[in-house]
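Undergrad: Residue numbers (the UniProt record's numbering): 1 to 224. We put the beta carbon where it would ideally sit given N, CA and C, even for glycine.
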Amino acid sequence: MTRVLVVDDEPQLLRALEINLRAHGYQCVTAVDGETALDAASEHHPDIIVLDLGLPDIDGVEVIRRIRGWSQVHIIVLSARHGSQDKVDALDAGADDYVTKPFGLDELLARLRAAARRAAIDVDAPVIVTPDFTLDAGARRVVRDGRDIRLTPTEWKIVDRLIAHPGQLVSQQQLLLDVWGPAYAKDVQYLRVYMAQLRKKLETDPGAPRYFLTESGMGYRFEP
Numbered sequence: 001m002t003r004v005l006v007v008d009d010e011p012q013l014l015r016a017l018e019i020n021l022r023a024h025g026y027q028c029v030t031a032v033d034g035e036t037a038l039d040a041a042s043e044h045h046p047d048i049i050v051l052d053l054g055l056p057d058i059d060g061v062e063v064i065r066r067i068r069g070w071s072q073v074h075i076i077v078l079s080a081r082h083g084s085q086d087k088v089d090a091l092d093a094g095a096d097d098y099v100t101k102p103f104g105l106d107e108l109l110a111r112l113r114a115a116a117r118r119a120a121i122d123v124d125a126p127v128i129v130t131p132d133f134t135l136d137a138g139a140r141r142v143v144r145d146g147r148d149i150r151l152t153p154t155e156w157k158i159v160d161r162l163i164a165h166p167g168q169l170v171s172q173q174q175l176l177l178d179v180w181g182p183a184y185a186k187d188v189q190y191l192r193v194y195m196a197q198l199r200k201k202l203e204t205d206p207g208a209p210r211y212f213l214t215e216s217g218m219g220y221r222f223e224p
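Here is the structure:
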């Protein structure tokens, strides 16, 4: 049974989510603030965390950062913050998905099912060695010219999708769905920005990439 940690400081919403998730077959743990959420995540090891950003003690983005220091649990933000910068900050901190309030229960359940499917996929994380860098997907480490290169959680998600299909085209829409979720299926500018960042970090000549290639108007391809 999938265990979900729900973090929100609205008691009525928290109780409603707890009842509905249990009715749909999920184990449910709840927390009303950031410190309690961090303790619950450490104690219960949930498969998915549903997290509000506007918590009374610690901002939800900071909660995400702290969790990402030791866990890759799937995090779905559930927030009344609609601004694009709020979404970018949460996703860059390591959130996997972002749902804005008010929301429909059916949509949240669909996101939970998708998260559970991804969490259940057991894929051997590869180690890729190229003339220019070494990438260890399992250890979340990249070494280039003898020094570690830090990738953000979002950059790692893009890399994971591309290296899982070496030499094959991964469409823009598929990357957007996998990395940011259905709400971002048409936001190709997100991809362009993050691919540019990846190339600056990993390519010898970002303007003429060797490894992370663009298929114009279609998608991206990783050439090992």
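Excluding sequence positions up to five away, which residues of its chain have a Cβ less than 6 Å from the Cβ of P166?
TA: Position 166 of the sequence shown, counting from 1, holds the residue named residue 166. Here the set comprises F222, P224.
Undergrad: Would you kindly work out how many angstroms separate the C-alpha atoms of M1 and H24, rounded to a whole number?
TA: Taking the first residue of the sequence shown as 1, we reach residue 1 at position 1. Taking the first residue of the sequence shown as 1, we reach residue 24 at position 24. Straight-line Cα distance between these residues: approximately 11 Å.
Undergrad: Is the distance from the Cβ of I64 to the Cβ of G94 below 9 Å?
TA: Against the sequence shown, residue 64 aligns to sequence position 64. Against the sequence shown, residue 94 aligns to sequence position 94. Cβ distance < 9 Å, so I64 and G94 count as in contact.
Undergrad: Give a yes or no on contact between the stretch 24-36 and the stretch 77-97, applying the rule of three or more CB pairs nearer than 8 Å.
TA: The answer is no - the stretch 77-97 does not touch the stretch 24-36, with fewer than three Cβ pairs under 8 Å.
Undergrad: Between which two residues does the alpha helix (DSSP H) containing I149 stretch?
TA: The residue given as residue 149 occupies position 149 in the sequence shown. No alpha helix (DSSP H) contains I149, which is instead part of the beta strand (DSSP E) from 147-149.
Undergrad: In three-state terms, what does DSSP make of Q27?
TA: On the sequence shown, residue 27 is found 27 positions in, with the first residue counted as 1. DSSP places Q27 in strand when its eight states are reduced to three.
Undergrad: Report all residues from its chain with a CB closer than 8 Å to the CB of P102; omit the five preceding and five following residues, and keep chain order.
TA: Translated into positions along the sequence shown, residue 102 becomes position 102. Around P102: no qualifying Cβ.
Undergrad: Can you tell me whether L14 is buried or exposed, with buried defined as 16 or more other CB within 10 angstroms of its CB?
TA: Position 14 of the sequence shown, counted from the first residue, corresponds to residue 14. It counts as buried.
Undergrad: Under DSSP, the beta strand (DSSP E) around D136 begins and ends at which residues?
TA: Position 136 of the sequence shown, counted from the start, is the residue given in the question as residue 136. That run of the beta strand (DSSP E) goes 134-136.
Undergrad: Taking C-beta to C-beta, are R118 and V99 nearer than 9 Å?
TA: Taking the sequence shown and counting its residues from 1, one reaches residue 118 at position 118. Taking the sequence shown and counting its residues from 1, one reaches residue 99 at position 99. No, the pair does not count as a contact, with Cβ atoms beyond the cut-off.
Undergrad: Counting only runs of 4+ residues fully inside the UniProt domain "Response regulatory" (3-116), write out the alpha helix (DSSP H) ranges in chain order.
TA: Here the runs fully enclosed are 11-23, 34-44, 60-68, 84-93.
Undergrad: Are there 16 or more other CB atoms within 10 angstroms of the CB of W180, so buried, or fewer, so exposed?
TA: In the sequence shown, counting from the first residue as 1, residue 180 sits at position 180. Counting Cβ neighbours within 10 Å, W180 comes out buried, since at least 16 surround it.
Undergrad: Alpha carbon to alpha carbon, what distance is there between D187 and S84?
TA: Here residue 84 refers to the residue found at position 84 of the sequence shown. Here residue 187 refers to the residue found at position 187 of the sequence shown. Each residue's alpha carbon lies about 11 Å from the other.
Undergrad: Rounding to the nearest angstrom, what Cα-Cα distance links P56 and P11 in this structure?
TA: Translated into positions along the sequence shown, residue 56 becomes position 56. Translated into positions along the sequence shown, residue 11 becomes position 11. Those two C-alpha atoms are separated by around 13 Å.
Undergrad: Please report the Cβ distance between E155 and Q197, rounded to the nearest whole angstrom; I am assuming they are in contact, meaning their Cβ atoms lie under 8 Å.
TA: If you number the sequence shown from 1, residue 155 lands on position 155. If you number the sequence shown from 1, residue 197 lands on position 197. Contact flag correct, Cβ pair sits at about 6 Å.
Undergrad: May I ask you to report which of helix, strand or coil DSSP gives F222?
TA: Within the sequence shown, residue 222 is the residue found at index 222, counting from 1. Reduced to three states, the DSSP call for F222 is strand.
Undergrad: Less than 8 Å between the CB atoms is what I'm expecting for G211 and L202, so what's the real figure, rounded?
TA: The sequence position of residue 211 within the sequence shown is 211, counting from 1. The sequence position of residue 202 within the sequence shown is 202, counting from 1. One detail in the question is off: residue 211 reads as Tyr in this sequence, not Gly. With 8 Å as the limit, Y211 and L202 qualify as a contact, their Cβ atoms being about 7 Å apart.
Undergrad: Only counting the same chain, and skipping five residues up and downstream in sequence, which positions put a Cβ closer than 6 Å to that of R3?
TA: The residue given as residue 3 occupies position 3 in the sequence shown. The answer, listed in chain order, is Q27, P46, D47.
Undergrad: Distance check for D136 and A114, CA to CA, integer angstroms please.
TA: In the sequence shown, the residue the question calls residue 114 occupies position 114. In the sequence shown, the residue the question calls residue 136 occupies position 136. Distance between the alpha carbons of A114 and D136 is about 26 Å.
Undergrad: When we look at the beta-carbon of D97 and count the other beta-carbons within 10 Å, is it buried (16 or more) or exposed?
TA: Along the sequence shown, read from residue 1 onward, the residue named residue 97 stands at position 97. Counting Cβ neighbours within 10 Å, D97 comes out buried, since at least 16 surround it.
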